[in-house]
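Residue numbers (this note's numbering), protein chains in the order written: chain A, 1 to 125; chain B, 126 to 250; chain C, 251 to 375; chain D, 376 to 500; chain E, 501 to 625; chain F, 626 to 750.
Idealized CB from N, CA, C, for every residue including glycine.
Small disclaimer: the values here were computed from a predicted structure and weren't measured.
6 protein chains.
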Amino acid sequence: MKKFSIAPVYAHCDLPCGVYDPDQARIEAESVHGINQKYDGLNQEDKWRAVMIKEQRLELVKHHLWVIWTDYAKPEHVEATPDLHDLFWRATKQAGQAKKSTDTSDSQKLLDLIAEVSEWFESTK
Amino acid sequence: MKKFSIAPVYAHCDLPCGVYDPDQARIEAESVHGINQKYDGLNQEDKWRAVMIKEQRLELVKHHLWVIWTDYAKPEHVEATPDLHDLFWRATKQAGQAKKSTDTSDSQKLLDLIAEVSEWFESTK
Amino acid sequence: MKKFSIAPVYAHCDLPCGVYDPDQARIEAESVHGINQKYDGLNQEDKWRAVMIKEQRLELVKHHLWVIWTDYAKPEHVEATPDLHDLFWRATKQAGQAKKSTDTSDSQKLLDLIAEVSEWFESTK
Amino acid sequence: MKKFSIAPVYAHCDLPCGVYDPDQARIEAESVHGINQKYDGLNQEDKWRAVMIKEQRLELVKHHLWVIWTDYAKPEHVEATPDLHDLFWRATKQAGQAKKSTDTSDSQKLLDLIAEVSEWFESTK
Amino acid sequence: MKKFSIAPVYAHCDLPCGVYDPDQARIEAESVHGINQKYDGLNQEDKWRAVMIKEQRLELVKHHLWVIWTDYAKPEHVEATPDLHDLFWRATKQAGQAKKSTDTSDSQKLLDLIAEVSEWFESTK
Amino acid sequence: MKKFSIAPVYAHCDLPCGVYDPDQARIEAESVHGINQKYDGLNQEDKWRAVMIKEQRLELVKHHLWVIWTDYAKPEHVEATPDLHDLFWRATKQAGQAKKSTDTSDSQKLLDLIAEVSEWFESTK
């Protein structure tokens, strides 16, 4: 396709809308953190619901991070930030880890990694 | 459930995580606006994709706004802001309207209504 | 948009298929009610499943009601029925409330509110 | 599981809520029929949207019919109505066929087959 | 539609891509089987997650099998294999049954039925 | 959970079911390739549907690859295969690229990259 003739494989976006925002991942992760903070005080059935809702939110965290990694990040970004792949890998793995726990330290660690992603993201603007 | 004993019908949240953010609607609407700005320059097949992607994003805009209206807004908010229902109704209707058009004035009108929602939302904090 | 020049903002439907039916919400709510009626007799794992399935069905109830409110209801309806917004708000809030409980009185209250929506809906035909 | 000890394989429902309704399939199919009736008068972009929306609705038609076939229909139903499998097979195939066409005769044929399903369904009550 | 003029109702595929594969159902069912094998050793919250994840995977199993039954299977297949409908019915019913249990014998029975589907599928190539 | 005590952040799976299979990505990509091979011969409306179906299938390709990258790949894999991150990045980017084209060379390139992923995957068994 002509439009991408200079870097045909590394198109920067599935459709060139130009809108990416790590806040999408952060908001979902904050919701998980909020759930974890209240988890011990929930009744039995709300605990089941909390675990289920966390699972969905964390899947969204993973999705939003994967999209930035695959669709927004370009070869020049990876060149400039050699551990970029590893940052996204650790962040999405931590989202998976947070599914297995209701510990606020796990959701906090996830928020910290998303903050690192945001910092990098802002540096590319 | 004790927590809701005073106003059992108007529970403020489906699970008390306390995280709501009109930015979720705004980010999706900005993506639609970005698509509209580039629409005329797209090739035929990307136009089809643009219409399809807009449809999905605008459905998300509606969903995020509905959630704030139904789950976050409480009776005291409605008392304090009598046209609150109408604001959300016009905003979600405008999201539907924006599905039918690739005109930036339609996506801009949507962004303006989401900004009104955000302003109200901030005022409740 | 010219096409809707008589009622430009308040197009009555995202695509003019003309098909809306509160029965979609009612059927999902009846399923939740049926689950609540059998809940106490379920074994442990089916209780977890019941809570999860209720959550999904009630999300569908909310969705179907929101669609009627945003897409079907027109300004003349709101003028004729001033508490229309409030009816939909209470009905969708009750769907959220029913997620937090396996009490048949909560699912019955939801069915009653959907019946009110249906009655209004029929009156507009 | 005791509850299903007599016919362990042919459990009549994934969770015993007891609520099934062919109207769910019918409402989606009517929406497709409504779209087909208006299709020729739509502008270019709404035609794309119509094809996309039809696709989703018809997938829902298939899903709702499959659920009744697999979850509601019991061995005694199949014994009593030997061509029951074939009826559901033709109905779901017709839903697939209706994706490929915007001809009202295709959506009408689908509605007719769903009416046959409904008639059988009512006969089992 | 001309393209399907010889067998207008029994189009073999919703879009003629020609790709079907019972391995999609098998992989999801193996995941359920793997969960069942480890179920007793999981902690309480991972048990809830296991039940929820099983539910989703088994819904995918049903979907993949239904697609092969409705979209791939053609009238000549049914003529050649008179119990084809029944095989798919038992297989999808067993997927529903496996939602209600964490017993490896239930997931094994499902895998066996999917193996029968695969055997038939291969025989049609 | 004992299993993760040595490398708590790098859990190898969101739930220890142990089932991963690059064939899930391959089957979806083959479907896209099949569509591209027939694309020029489709009528206008089936072309729209083809573009829409390709979009969904390619999103599934991305998802299945991301899951293997984030959930299955472990630190020892990355150590042993230093360009592993880059392989998954190029493969998921190519899936995005294939959304923008109906050229069989784009879907073939995607299939080739998935074959590389499979080869690596098999080497870890």
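Practice item. Would you mind stating whether C:Ala279 and C:Leu334 have Cβ atoms separated by less than 7 Å? Key: Going by C-beta atoms, C:Ala279 is not nearer than 7 Å to C:Leu334.
Review point. So which residues of chain D does B:Val176 contact, with C-beta pairs closer than 7 Å?
Key: Ordered by position in chain D, the residues that pass the 7 Å Cβ test against B:Val176 are Glu420, Trp423, Arg424.
Exercise for review: Check whether the Cβ of A:Trp120 lies closer than 7 Å to any Cβ atom in chain F.
Suggested key: Using beta-carbon distances, A:Trp120 does not count as an interface residue toward chain F, since no partner is under 7 Å.
Check your understanding: From C:Arg276 to E:His577, what does the alpha carbon distance come to, in whole angstroms?
Key -> E:His577 has its alpha-carbon roughly 40 Å from the corresponding atom of C:Arg276.
Practice item. Please compile the residues from chain B whose C-beta is within a distance smaller than 7 Å of the C-beta of A:Ser31. Key: Within 7 Å Cβ-Cβ: Cys142, Val144.
Check your understanding: Quick one: does C:Lys343 have its CB under 7 Å from some CB of chain B?
Key -> At least one chain B Cβ lies under 7 Å of C:Lys343.
Check your understanding: So is E:Gly596 in contact with chain F if we call contact Cβ pairs under 7 Å?
Key -> Not an interface residue.
Exercise for review: Answer yes or no: does any C-beta atom of chain D fall closer than 7 Å to that of E:Gly541?
Suggested key: Closer than 7 Å: no.
Exercise for review: Run the CB neighbour count on A:Glu55, radius 10 Å, all protein chains shown included, and call it buried at 16 or more, exposed below.
Suggested key: Classification of A:Glu55: buried, given that the 10 Å Cβ count is 16 or more.
Exercise for review: Flag this pair as touching only if the region 225-239 of chain B and the region 164-180 of chain B have three or more C-beta atom pairs under 8 Å; answer yes or no.
Suggested key: Cβ pair count under 8 Å is three or more, so yes.
Check your understanding: List, in order along the chain, the chain F residues whose C-beta lies closer than 7 Å to that of D:Lys475?
Key -> What D:Lys475 touches in chain F: Asp671.
Check your understanding: What residues in its chain sit with their C-beta under 6 Å from that of B:Arg182, if we drop five residues either side in the sequence?
Key -> The beta carbon of B:Arg182 sits closer than 6 Å to those of Glu153, Ser156, Val157, all from its chain and outside the five residues before and after it, given in chain order.
Review point. Sorted by chain position, which residues of the same chain lie with C-beta nearer than 8 Å to B:Lys127's C-beta, five sequence neighbours on each side aside?
Key: Note on B:Lys127: pLDDT 25, under 50, position unreliable in the model; the coordinate value appears next. Around B:Lys127: no qualifying Cβ.
Exercise for review: Sort E:Ile568, E:Val551, E:Met552 by Cα distance to E:Asp521 and report the nearest one.
Suggested key: Of the residues E:Ile568, E:Val551, E:Met552, the one whose Cα lies closest to the Cα of E:Asp521 is E:Ile568.
Review point. Skipping 5 residues on each side, what residues in its chain have a beta carbon closer than 6 Å to that of F:His637?
Key: The predicted position of F:His637 is uncertain, since its pLDDT is 39 and thus under 50; a value taken from the coordinates is nonetheless stated next. Residues Lys699 of the same chain have their beta carbon placed closer than 6 Å to that of F:His637, with the five preceding and five following residues left out of the count.
Check your understanding: When you check each C-beta in the region 178-202 of chain B against every C-beta of chain D, which residues fall closer than 7 Å?
Key -> Near chain D, meaning a CB-to-CB distance below 7 Å, the residues of the region 178-202 of chain B are Glu180.
Exercise for review: Could you name the residues of the same chain whose beta carbon sits closer than 8 Å to that of B:Gly143, not counting the 5 residues immediately before and after it, in chain order?
Suggested key: Nothing meets the Cβ criterion.
Check your understanding: Can you round the beta-carbon distance between A:Gly96 and A:Lys125 to whole angstroms, since I take them to be within the 8 Å contact cut?
Key -> Actually they do not touch by this definition, with Cβ atoms about 29 Å apart.
Exercise for review: For A:Gly41, count neighbouring Cβ atoms within 10 angstroms of its own Cβ and tell me buried if that reaches 16, exposed if not.
Suggested key: Classification of A:Gly41: exposed, given that the 10 Å Cβ count is below 16.
Check your understanding: Rounded C-beta distance between C:Ile208 and D:Leu390? I'm assuming under 8 Å.
Key -> Within the shown structure, residues of chain C are numbered from 251 to 375, placing residue 208 of chain C beyond reach of any answer.
Exercise for review: For B:Glu244, collect the residues of the same chain with a Cβ closer than 8 Å to its Cβ; drop the 5 residues on either side in sequence, then sort them by chain order.
Suggested key: Taken in chain order, the list of residues that qualify is empty.
Practice item. Would you tell me roughly how many angstroms separate the C-alpha atoms of A:Arg90 and F:Asp696, rounded to the nearest one? Key: In a straight line, the C-alpha of A:Arg90 is about 11 Å away from that of F:Asp696.
Check your understanding: The alpha helix (DSSP H) with F:Leu735 in it runs from where to where?
Key -> Note, F:Leu735: alpha helix (DSSP H), 729-748.
Review point. Is C:Ile285 close to chain D, meaning its C-beta is less than 7 Å from at least one C-beta of that chain?
Key: Interface annotation, C:Ile285: in contact with chain D, CB-CB separation under 7 Å.
**Study point:** Close beta carbons around F:Gln610, own chain, < 7 Å, minus the five adjacent residues each side
**Key:** Because chain F in this structure spans residues 626 to 750, residue 610 of chain F falls outside the shown range and cannot be described.
Exercise for review: Show which residues of chain D have a CB atom less than 9 Å away from the CB atom of E:Asp586.
Suggested key: Result: Val453, His460.
**Study point:** Range of the contiguous alpha helix (DSSP H) that encloses C:Trp346
**Key:** Inspection of the sequence shows that residue 346 of chain C is occupied by Gly rather than by Trp. Where C:Gly346 is concerned, the enclosing alpha helix (DSSP H) stretches over 334-349.
Review point. In this structure, does DSSP put A:Asp46 in helix, strand or coil?
Key: Correct three-state label for A:Asp46: helix.
Practice item. Give me the Cβ distance between D:Gln399 and C:Gln274, rounded to the nearest whole Å; I'm assuming they're in contact under 8 Å. Key: C:Gln274 and D:Gln399 do touch by the CB rule: their CB atoms are close to 7 Å apart, below 8 Å.
**Study point:** A:Ala98 burial status per 10 Å Cβ neighbour count (16 or more: buried)
**Key:** Residue environment: A:Ala98 is assigned as buried (16 or more neighbouring CB atoms within 10 Å of its CB, all protein chains considered).
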